[in-house]
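FYI, in mature numbering (1 follows the signal peptide of the UniProt record, and there is no 0) the residues of the sequence shown are -24 to -1, 1 to 158.
Don't be surprised by glycine CBs; every beta carbon is placed ideally from N, CA and C.
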Amino acid sequence: MKSAIKMLSIILILLALSFSVTNAALSCYSCTDCGTSWDISKTTVVATSGSSDYCRKTVTGNTVTKDYASSCTPANILGNGIFCCQTDLCNSGSKQSITMMNLGFLTASIWAIYHYIILARKNEVADFEATTFSIFYNNAFYLVCLIVLSFFVFKNFSPTVNYLFSVGLSTAMVFLFSTGEK
């Protein structure tokens, strides 16, 4: 039971770290004279300098500019104005409330906790701890490094690449949690 508490503590700590790491800086789309029909190939992704920065989209008639700023005052007059947000790549026109990296890690964490509760009800915790938890303990350091590294490596890619990587990472975590030898 003691190792189960340690395991759940590690999962919660990793989850908290993934949220704090992904909110340390902000990624924003950047383009000048983007036009009203948004084309991702005409934009670049830039990293902001701090966690209190804003992604910004300025609309004036048919001229759209996307960038970031340390302060932003929203204004909207009949669709023209300045739109501000503080999540990754939020100045694309569609809002994201949670990054794909966090979503993948959250999914894997919920699966691990749920799986542990189901096995605890069946009194199979000892077998589960002998396999899954030992594998997790042996690979926890590499998993944390992978999560942190992937954030910095894939930060400048499109949301689709981030999503695919997040699904792959979640699959790898589920594999780590569900396989092993006693």
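Margin query: Please report the straight-line C-alpha distance between TYR5 and ASP29, rounded to a whole angstrom.
Written below: On the sequence shown, position 29 is the one that residue 5 refers to. On the sequence shown, position 53 is the one that residue 29 refers to. For TYR5 and ASP29, the distance between alpha carbons rounds to 13 Å.
Next item on the list: Count the other C-beta atoms from every protein chain shown that fall within 10 angstroms of the C-beta of ASP9, then say buried if there are 16 or more, exposed otherwise.
Entry: For the purposes of this step, residue 9 is identified with residue 33 of the sequence shown, where counting begins at 1. Classification of ASP9: exposed, given that the 10 Å Cβ count is below 16.
Note to self: Quick check: what's the CA-CA separation for CYS66 versus LEU2?
What the structure shows: For the purposes of this step, residue 66 is taken as the residue at position 90 of the sequence shown. For the purposes of this step, residue 2 is taken as the residue at position 26 of the sequence shown. Straight-line Cα distance between these residues: approximately 10 Å.
Next item on the list: Note down the Cα distance separating ASP43 from GLN62, rounded to an integer number of angstroms.
Entry: One-based indexing of the sequence shown puts residue 43 at position 67. One-based indexing of the sequence shown puts residue 62 at position 86. Using only the alpha carbons, I get a separation of about 12 Å.
Check: Where DSSP assigns a beta bridge to ASP43, which residues make up the other side?
Finding: The sequence position of residue 43 within the sequence shown is 67, counting from 1. The partner list for ASP43 (beta bridge, DSSP) reads ARG32.
Next item on the list: Within its chain, find whatever has a CB closer than 6 Å to the CB of CYS31; leave out the 5 residues flanking it on each side and keep chain order.
Entry: The residue given as residue 31 occupies position 55 in the sequence shown. If the five residues before and after CYS31 are omitted, its C-beta is found closer than 6 Å to the C-beta atoms of CYS4, TYR44, CYS61, CYS66 and ASN67, all from its own chain and listed in chain order.
Checklist line | Straight-line gap, PRO50 to SER17 (C-alpha atoms, nearest Å) | finding: The residue you call residue 50 lines up with position 74 of the sequence shown. The residue you call residue 17 lines up with position 41 of the sequence shown. When the Cα atoms are used, PRO50 and SER17 turn out to be separated by approximately 26 Å.
Margin query: So, for GLY11: in the same chain, excluding its five sequence neighbours on each side, which residues have a beta-carbon less than 7 Å away from its beta-carbon?
Written below: One-based indexing of the sequence shown puts residue 11 at position 35. Around GLY11: ASN38 and VAL40.
Checklist line | residue 193, buried or exposed, once every other Cβ within 10 Å from all chains shown has been counted against 16 | finding: Here the chain covers residues -24 to 158 and nothing more, so residue 193 does not appear.
Margin query: Tell me the rounded alpha-carbon separation between LEU54 and GLY26.
Written below: Your numbering for residue 54 matches position 78 in the sequence shown. Your numbering for residue 26 matches position 50 in the sequence shown. CA-CA distance, LEU54 to GLY26, rounds to 31 Å.
Check: Straight-line CA distance for THR34 to ASN52?
Finding: Counting from one through the sequence shown, the residue named residue 34 turns up at place 58. Counting from one through the sequence shown, the residue named residue 52 turns up at place 76. Near 10 Å, if we compare the C-alpha coordinates of ASN52 and THR34.
Note to self: Could you tell me the alpha carbon to alpha carbon distance between ALA23 and ILE86, rounded to whole angstroms?
What the structure shows: Taking the sequence shown and counting its residues from 1, the one referred to as residue 23 is at position 47. Taking the sequence shown and counting its residues from 1, the one referred to as residue 86 is at position 110. Distance from the CA atom of ALA23 to the CA atom of ILE86, rounded to whole angstroms, is 30 Å.
Check: When burial is assigned at 16 or more other CB atoms within 10 Å of the CB, is THR19 buried or exposed?
Finding: By one-based count along the sequence shown, residue 19 stands at place 43. Here THR19 is buried. Its C-beta has 16 or more other C-beta atoms within 10 Å.
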